[in-house]
Ligand code: HEM
Ligand SMILES: *[C@@H]1O[C@H](CO)[C@@H](O)[C@H](O)[C@H]1NC(C)=O
Ligand SMILES: *[C@@H]1O[C@H](CO)[C@@H](O)[C@H](O)[C@H]1NC(C)=O
Ligand SMILES: *[C@@H]1O[C@H](CO)[C@@H](O)[C@H](O)[C@H]1NC(C)=O
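Numbering (my numbering), first residue to last: 224 to 555.
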């Protein structure tokens with residue numbers, strides 16, 4: 224008579240290949256483990272890349288700042304629920320979108336460019352490419368057109384049927400954040416201090432409104448005096464006056480993706496309080512990273528690319544979840 228241990232060992236030996244088969248079958252087919260991949264549209268829409276690129280190119284030729292605005296859209300999408308194009312949904316009587324949340328209201332831009340891209344992409348492959356994937360490709364192309372690094376974008380995200388006004392307010396950090404606030408906000412999304420500092424390098428391009436940096440230029444002490452004066456000239460102290468007046472986030476080259484942003488921080492010339500915070504705690508890993516990026520374009524670019532890929536991977540909808548929107552502004 225076979226002992227029970229013999230019985231189990233022969234059972235597991237016989238069924239081991241079967242178990243492996245089911246394990247890999249599960250990996251391939253379960254939504255929970257579905258993965259993004261760079262070749263996702265290789266069969267279904269190989270022209271997606273050229274199509275997106277040509278619309279982004281003409282938009283940036285018209286206005287260089289739009290490249291910055293398009294990059295920011297991806298950040299504000301991914302930090303709210305996940306990279307699911309929730310940021311693009313317009314308000315309706317039954318859906319409160321994210322566009323009027325505090326970090327976005329009167330600030331986010333580029334929605335018309337995304338509409339143009341969606342129309343162009345749907346002309347070459349109707350109903351195939353998600354708005355969430357369009358945001359990810361568009362952000363990459365924008366960085367490349369402004370002389371930044373390139374990378375292969377992972378694809379296969381689907382579009383949400385909902386948005387979250389509240390999470391847009393709580394999960395996108397405000398410019399008044401301390402280093403501890405920023406570190407916590409990024410950790411909540413699975414991102415490290417290295418990701419935080421590298422991604423903040425996006426502020427090498429684009430503009431901010433007076434309302435976003437007023438307190439910094441009048442009240443912060445860790446700011447170079449001549450720089451504070453320069454910015455005060457176009458941003459009155461009184462709240463409510465000149466709130467929308469713009470200043471470049473990088474005072475040297477706001478339309479070139481370079482390491483100047485980090486040099487500014489080392490010189491106490493960060494425009495946002497949250498920017499300067501990255502360099503303020505001597506001996507912190509954050510300050511060390513700022514210093515290192517300020518001296519090495521390749522160190523910045525390598526970490527920026529890695530962090531963009533991580534950020535673009537935050538909780539995508541894959542498999543059968545979500546939908547491929549027909550119009551990026553509304554659920555089907
Ligand atoms: C670390 C936390 C961050 C904070 C507190 C922050 C805050 C801000 C603020 C306050 C503005 C100006 C908005 C306005 O006044 O209208 C801005 C602009 C911008 N942000 Fe950030 N940001 C952060 C991270 C990021 C990340 C991760 C990216 C992209 C990877 C990004 C990309 C941009 C760009 C490109 C602009 C300029 C947009 C334009 O000119 O239209 N930011 N950010
Ligand atoms: C968004 O800004 C507009 C004015 O520009 C303002 O009337 C509205 O109250 C703001 N929305 C929210 C939700 O704060
Ligand atoms: C930042 O951290 C401080 C101290 O923990 C906290 O009181 C404050 O609410 C935080 N601010 C944000 C925007 O998270
Ligand atoms: C600066 O700090 C003072 C005192 O805390 C405060 O009253 C003021 O609103 C702050 N902001 C500006 C722009 O002066």
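Idealized CB from N, CA, C, for every residue including glycine.
Because the structure is a prediction, the values reported are computed rather than measured.
Exercise. Going by other Cβ atoms of all chains shown within 10 Å of its Cβ, with 16 needed for buried, is residue 252 buried or exposed?
Worked result: With a pLDDT of 44 at residue 252, under the threshold of 50, the modelled position of this residue cannot be trusted; read the value that follows with caution. So residue 252 ends up on the exposed side.
For this session: Mind listing, in chain order, the continuous alpha helix (DSSP H) runs of no fewer than 4 residues lying wholly within the stretch 407-437?
Result: 416-423
Exercise. Which of the three DSSP states, helix, strand or coil, is assigned to residue 454?
Worked result: helix
Problem set entry | Residues bridged to residue 318 [DSSP beta-bridge criterion] | 315
Exercise. Sorry if obvious, but does the Cβ on residue 403 come closer than 7 Å to a heavy atom of ligand 3?
Worked result: Flag set: Cβ of residue 403 near ligand 3.
Problem set entry | Continuous alpha helix (DSSP H) stretch holding residue 294: start and end | 288-301
Exercise. Grouping DSSP H, G and I as helix and E and B as strand, with all else coil, what is residue 378?
Worked result: strand
Exercise. What's the C-alpha gap between residue 469 and residue 431?
Worked result: 5 Å
Exercise. Just curious, the beta strand (DSSP E) that residue 470 is in, first and last residue?
Worked result: From DSSP, the beta strand (DSSP E) with residue 470 extends over 469-471.
For this session: Could you tell me if residue 526 is buried or exposed, where buried requires 16 or more neighbouring beta carbons within 10 angstroms of its beta carbon?
Result: buried
Exercise. Less than 8 Å separating the beta-carbons of residue 307 and residue 343?
Worked result: no
Exercise. Mind checking whether the beta-carbon of residue 328 lies closer than 7 Å to any heavy atom of ligand 2?
Worked result: At least one heavy atom of ligand 2 is nearer than 7 Å to the Cβ of residue 328, so yes.
Exercise. Just how far apart, CA to CA, sit residue 539 and residue 520?
Worked result: Near 30 Å, if we compare the C-alpha coordinates of residue 520 and residue 539.
Problem set entry | Pairwise C-alpha distance: residue 281 and residue 383 | 28 Å
For this session: Could you work out which residue in 261, 492, 272 is closest to residue 443 when comparing CA atoms only?
Result: 492
For this session: Hey, could you find the ends of the alpha helix (DSSP H) residue 475 is sitting in?
Result: Careful: residue 475 lies outside any alpha helix (DSSP H) and carries neither H nor E.
Problem set entry | Run of the alpha helix (DSSP H) containing residue 383, from where it starts to where it stops | Element bounds for residue 383: n/a, residue is neither H nor E.
For this session: Starting from residue 260, follow its DSSP beta bridges and name the residues at the other end.
Result: Paired residue(s): 378.
Problem set entry | Secondary structure of residue 494, DSSP reduced to three states | Residue 494 falls in the coil class under three-state DSSP.
Exercise. Of all residues in the structure, which have a C-beta closer than 6 Å to any heavy atom of ligand 4, taken in chain order?
Worked result: 437, 438, 441, 442, 460
Problem set entry | Whole-angstrom C-beta distance between residue 523 and residue 482, which should lie under 8 Å | 5 Å
Problem set entry | Residue environment, residue 475, which counts as buried when at least 16 other CB atoms sit within 10 Å | exposed
For this session: Quick one: grab the DSSP three-state call for residue 266.
Result: Residue 266: coil per DSSP, three-state reduction.
Problem set entry | Meets three-Cβ-pair contact criterion under 8 Å: the stretch 349-367 and the stretch 532-550 | Using a C-beta cut-off of 8 Å, the stretch 349-367 makes contact with the stretch 532-550, since at least three inter-stretch Cβ pairs fall below that distance.
Exercise. Cα separation between residue 397 and residue 314?
Worked result: Taking the CA atoms as reference points, residue 397 sits about 22 Å from residue 314.
Exercise. Residue 260 and residue 405 look like a contact to me (Cβ under 8 Å); what is the Cβ gap, rounded to whole Å?
Worked result: So it is not a contact: roughly 31 Å between Cβ atoms.
For this session: Please find out if some non-hydrogen atom of ligand 2 comes closer than 7 Å to the beta-carbon of residue 323.
Result: yes
Exercise. What span of residues does the alpha helix (DSSP H) with residue 389 cover, start to end?
Worked result: 388-394
Problem set entry | Which listed residue (545, 459, 341) has its alpha carbon closest to that of residue 433 | 459
Problem set entry | Cβ-heavy atom distance, residue 497 to ligand 3, below 7 Å | no
Exercise. With respect to 7 Å, is the separation between the Cβ of residue 383 and the closest non-hydrogen atom of ligand 1 below this value?
Worked result: Remark: the C-beta of residue 383 is outside contact range of ligand 1, defined as less than 7 Å to any heavy atom.
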